[in-house]
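Working notes, structure below.
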Ligand SMILES: [Zn+2]
């Protein structure tokens, strides 16, 4: 196989994965979830799928991407998704983006963007705007430091633990 055809088939594979994510997102609506679907793939294979389950499970963090990453970690028996691609029907919100960074995902591919989501009434763009432009003092939710003398005690304990698993 030439480099060119290899590239073309990777592209084909990702289109098929995206189709699957979009199909899942659409089915999710009929099943009482939000209109979002995602999957995690590694080495050309789908590892795990996820769809939005915020209202179904009363969990505001149960976005499709987070659900797919949780399932993928369980499946691969690891907390690191290094070497994985996250394929999602819609541009990840700041929470999912941060989760993917923590999971060390290699790459993210999305279809609909934050503006498409805003048309459907989802807050992603508002949150992006907060992170991009607004100083924390102007946020609708105050974030304040309460400085105590023992504030670094958990980190001291962590650094002193010789068998810790860094992540
Ligand atoms: Zn999200």
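Residue numbers (the working numbering): 23 to 189.
For glycine and all other residues, C-beta sits at the position ideal for the given N, C-alpha and C.
| Is the Cβ of residue 35 closer than 8 Å to any Cβ of chain D? | Protein chain content of the structure displayed is limited to a single chain, and chain D is not contained in it.
| field | Candidates 36, 145 and 94, of which the one nearest residue 127 by Cα | value | 94
| field | Cβ separation of residue 117 and residue 103, assumed to be a contact under 8 Å, to the nearest whole Å | value | The pair is not a contact, with the Cβ atoms about 16 Å apart (cut-off 8 Å).
| How many whole angstroms separate the CB atoms of residue 115 and residue 146, which I take to be in contact at a CB cut-off of 8 Å? | 4 Å
| request: Pull up the CB-CB distance for residue 43 and residue 59, whole angstroms please, since I reckon it's below 8 Å. | output: 5 Å
| field | Segment limits, beta strand (DSSP E) that includes residue 64 | value | 59-64
| query | Straight-line CA distance for residue 56 to residue 110? | reply | 13 Å
| Exposure of residue 173, with buried meaning 16 or more beta-carbon neighbours within 10 Å | exposed
| query | Which value, in whole angstroms, describes the spacing of the CA atoms of residue 151 and residue 182? | reply | 39 Å
| query | Residues in its own chain within less than 7 Å of residue 157 by CB, not counting five upstream and five downstream? | reply | none
| request: Can you tell me which of the three DSSP states residue 136 falls into? | output: helix
| said: Determine whether the beta carbon atoms of residue 81 and residue 112 lie at a separation below 8 Å. | reply: no
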